[in-house]
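Following the working numbering from start to finish, the sequence shown increments by one per residue and tops out at 253.
Where a beta carbon is used, it is the ideal one built from N, C-alpha and C, also for glycine.
The structure appears right after this line, and notes come after that.
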Amino acid sequence: MICVWMLGLGLKIMDLIELGLIAKKTAKKAGNLLLSQKTKKKIIKSEEGRDIKLELDRKTEELIRHELAITKIGVQGEEIVPNAVEKMRWVVDPIDGTANYFRGLNQCCVSIALMNGNKSLIGIIYDFNSDECYEAVKDHGAKLNDHVISVSSVDLKNKATLTTGFPASESVTSSMEFLDSLKGWKKIRMFGSAALSCAYVASGKCDFYAEKGIFLWDFAAGICLVEEAGGKAEIFLIDGERYSVKFSNGKL
């Protein structure tokens, strides 16, 4: 049995499987809230550059925090900044793909991860529009709606599908470098959701996901999911809170 221990106290909190079930239930509850509000008028909380935040982002995170409180583990989220970030904590994104959700596009989801430092122990990504729940617990494999999933076996770039996001480039040079990186792939997809991109790699729907300038809550759940599905996750901190990430089937 794998257990999570409260740092510094040596007290067993909960079994990882139990924590995974709580996270899964929480993600579905949050997803149902978002689904119920999908066609209703949405209040914009802030809009800067290409980023958009809704009042519903915060309301959904509050729901998630309330549901996860039973675990006695702190929460690091996109909307509510904690006083301090603990080593063992939940990392949540209440709506990954907010811009898509706002415009009525279906590429959005709820993302919940349990992190211990840089290690991802649990990953839950709930695509509430299609009722697809991707889940993984360290050393227990990855599943989609309770069916075991694994990464693809594609090992040639010219046969593979890349999913990515167009970066907010600051120069023509960086834009050209990004475009150059797209050469050679059979297909390229941009979904507007980092978490779903990770889920698609884990389930073999895509073969490689790469993006720069994203935050931990965007991909935290994807780490455990892709690794438990047999893939590889490479994470690089590039400035302050932003990361450059590569998730693959481990063959490309």
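Quick one: what does DSSP say residue i is sitting in, helix, strand or coil?
| i | result |
| --- | --- |
| residue 199 | helix |
| residue 141 | coil |
| residue 214 | strand |
| residue 205 | coil |
| residue 178 | helix |
| residue 152 | coil |
| residue 30 | helix |
| residue 271 | Any question about residue 271 goes unanswered here, given that the chain covers just 2 to 253. |
| residue 73 | coil |
| residue 132 | coil |
| residue 25 | helix |
| residue 222 | helix |
| residue 227 | helix |
| residue 101 | helix |
| residue 63 | helix |
| residue 1 | With the chain running from 2 to 253 in the structure shown, residue 1 is simply not present. |
| residue 184 | coil |
Output needed for residue i: all residues of its chain with C-beta closer than 8 Å, excluding positions within five of it in sequence on either side, in chain order.
| i | result |
| --- | --- |
| residue 191 | 164, 165, 166 and 167 |
| residue 232 | 152, 202, 203, 248, 249, 250 and 251 |
| residue 183 | 163, 165 and 189 |
| residue 119 | 236 |
Whole angstroms are fine: how far does the CA of residue j sit from the CA of residue i?
| i | j | result |
| --- | --- | --- |
| residue 124 | residue 201 | 14 Å |
| residue 27 | residue 154 | 32 Å |
| residue 66 | residue 185 | 43 Å |
| residue 30 | residue 252 | 36 Å |
| residue 79 | residue 218 | 7 Å |
| residue 139 | residue 224 | 10 Å |
| residue 255 | residue 245 | With the chain covering 2 to 253 only, the question about residue 255 has no answer from this structure. |
| residue 104 | residue 98 | 10 Å |
| residue 68 | residue 250 | 33 Å |
| residue 230 | residue 37 | 31 Å |
| residue 22 | residue 181 | 42 Å |
| residue 216 | residue 106 | 22 Å |
| residue 157 | residue 205 | 14 Å |
| residue 55 | residue 235 | 30 Å |
| residue 20 | residue 40 | 32 Å |
| residue 16 | residue 115 | 12 Å |
| residue 42 | residue 57 | 10 Å |
| residue 70 | residue 76 | 9 Å |
| residue 239 | residue 193 | 20 Å |
Skipping 5 residues on each side, what residues in its chain have a beta carbon closer than 7 Å to that of residue i?
| i | result |
| --- | --- |
| residue 187 | 159, 160, 161 and 162 |
| residue 34 | 61 and 64 |
| residue 94 | 79, 112, 196, 218 and 219 |
| residue 133 | 145 and 146 |
| residue 117 | 88 and 89 |
Can you name, in chain order, every residue of its own chain whose Cβ lies under 6 Å from the Cβ of residue i, other than the five neighbours on each side?
| i | result |
| --- | --- |
| residue 136 | 25, 125 and 144 |
| residue 102 | 96 and 109 |
| residue 128 | 110 |
| residue 243 | 214 |
What are the partner residues of residue i, as DSSP defines its beta bridges?
| i | result |
| --- | --- |
| residue 250 | Beta-bridge pairing links residue 250 to no other residue. |
| residue 38 | Paired residue(s): none; residue 38 is not in a bridge. |
| residue 189 | 163 |
| residue 78 | 93 |
| residue 124 | 114 and 137 |
| residue 55 | 45 |
| residue 245 | 213 and 237 |
Assuming residue i and residue j form a contact by the criterion Cβ under 8 Å, report the distance between their Cβ atoms to the nearest whole angstrom.
| i | j | result |
| --- | --- | --- |
| residue 53 | residue 100 | 5 Å |
| residue 199 | residue 227 | 6 Å |
| residue 18 | residue 141 | 7 Å |
| residue 221 | residue 92 | 4 Å |
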